[in-house]
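Trainee: Provided herewith is a single structure, encoded as structure tokens, for subsequent inquiry.
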Amino acid sequence: MNYKHHRYPKAIILQAVYFKLRFTLSYRDVEEILRIRGVKVDHATIQR
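Residue numbers for the sequence shown follow my numbering, so the first one is 25 and each next one is one higher.
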């Protein structure tokens, strides 16, 4: 995968994808989990 033009590091992107697919969470749930871990990201960004 190419992550050159993404705002977030590869590890954050992969973590969001993992949470979304592994636990069938909503985008807002993933947003909340990442916020607890110190990553400020909007649910719409995760969806894209």
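Just so it is clear, CB atoms sit at the ideal spot from N, CA and C, and this is done for glycine as well.
Just the Cα atoms here: how many angstroms apart are Tyr32 and Leu49?
Mentor: 20 Å
Trainee: If the criterion is Cβ atoms closer than 8 Å, does the pair Ile70 and Tyr51 meet it?
Mentor: With a cutoff of 8 Å on beta-carbon distance, Ile70 and Tyr51 are scored as near each other.
Trainee: In this structure, how does DSSP classify Phe43 when only helix, strand and coil are distinguished?
Mentor: helix
Trainee: Let me know the secondary structure DSSP gives Val63 once reduced to three states.
Mentor: Three-state result, Val63: coil.
Trainee: When burial is assigned at 16 or more other CB atoms within 10 Å of the CB, is Leu45 buried or exposed?
Mentor: exposed
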